[in-house]
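Asks: Be aware that the sequence shown starts at 190, since it is given in our numbering, and climbs by one per residue. Ideal Cβ positions, reconstructed from N, Cα and C, are used throughout, including at glycine. If you're wondering where the values come from, they're calculated on a predicted model, not measured in any experiment.
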Amino acid sequence: MKTKLLLLLLLISLNSIGQEIPDGKKLGLVAHLTYVKTISEAKMTILIKDERYIKEPDKAFKFNSDYTLLKLLTDQLINQLSADLIDKNKLKLYRSLNKYLKNQKPVPEKFSQYQVLLEQIDGQLQALLIRSYKDGGTLSAELITAIVGIITEIREITTSARDFREKKIQSISGIIKELKLSPIAELIKPKEKDDKD
Numbered sequence: 190m191k192t193k194l195l196l197l198l199l200l201i202s203l204n205s206i207g208q209e210i211p212d213g214k215k216l217g218l219v220a221h222l223t224y225v226k227t228i229s230e231a232k233m234t235i236l237i238k239d240e241r242y243i244k245e246p247d248k249a250f251k252f253n254s255d256y257t258l259l260k261l262l263t264d265q266l267i268n269q270l271s272a273d274l275i276d277k278n279k280l281k282l283y284r285s286l287n288k289y290l291k292n293q294k295p296v297p298e299k300f301s302q303y304q305v306l307l308e309q310i311d312g313q314l315q316a317l318l319i320r321s322y323k324d325g326g327t328l329s330a331e332l333i334t335a336i337v338g339i340i341t342e343i344r345e346i347t348t349s350a351r352d353f354r355e356k357k358i359q360s361i362s363g364i365i366k367e368l369k370l371s372p373i374a375e376l377i378k379p380k381e382k383d384d385k386d
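1) Which residue's Cα is closest to the Cα of I228: G217, S371, K378, P295?
2) Quick check on K214: does DSSP put it in helix, strand or coil?
3) Relative to the C-alpha of Y256, which residue among R241, V219, T234 is closest?
4) Based on Cα-Cα distance, which residue from L307, E375, K369 lies nearest to K214?
5) Any idea if G217 is buried or exposed, counting beta-carbon neighbours within 10 angstroms, 16 or more meaning buried?
6) Might you give, ordered along the chain, the residues of its own chain that have their beta carbon closer than 6 Å to the beta carbon of I377, omitting 5 neighbours on each side?
7) Give me the residue from I364, S254, Y322 with the minimum Cα distance to K244.
8) Can you tell which of Q265, K260, P246, L274 has the C-alpha that lies nearest to the C-alpha of A398?
9) Look up E367 in the DSSP assignment and say whether it is helix, strand or coil.
10) So, under 8 Å CB-CB, L274 and S362 are touching, yes? Tell me the CB distance rounded to an integer number of Å.
11) How far does the alpha helix (DSSP H) with F300 in it reach, from first residue to last?
12) Should S285 be labelled buried (16 or more other beta-carbon atoms within 10 Å of its own) or exposed?
13) What does the alpha-carbon distance come out to for the pair S254 and E230?
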């Protein structure tokens, strides 16, 4: 609990002095996709829970459109990457994407569409993050709190990637598939309460 509190304070202080939360690019593809998933789902959940979501259908449509396009782009990347990794049974594509994210080294020409797709995902994520009920928008304390709750999940994904060395292709493919964004319908659903005493 103390660790979460300290991390929350760190994230709030970084946000207050205008620094961004690291997007995971320096760690690689899995960390970056985890960042995209966590930030976008948290942002959309906060937007949906606001009473203005129903009262301002034009803005709600923009939020839904931005999120849906981001979901489409990430699903395309994840599904095609998984299919290509399994089909070719080689890690060259995965390693190329990691080098591109970590060091900004261009990917080989035959994988250039992946680089384009990653750039589109980053642009669409920014479009979603700046959407708000007011003009402008930044990372709020609510969004940071939601992110802190998912940090354990990020640690588990990273650990499981290390543990499956002998099954690299299947492990990476499985982890990447877990990073698909949730449909809006799932984000809107209220969580079921446990009525047991």
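Replies: Looking at the coordinates:
1) S371
2) coil
3) T234
4) L307
5) buried
6) I237
7) Y322
8) As shown, the chain starts at 190 and ends at 386. That puts residue 398 outside it, with no answer to give.
9) helix
10) 5 Å
11) Counting along the chain, F300 falls outside any alpha helix (DSSP H), and DSSP gives it neither H nor E.
12) buried
13) 14 Å
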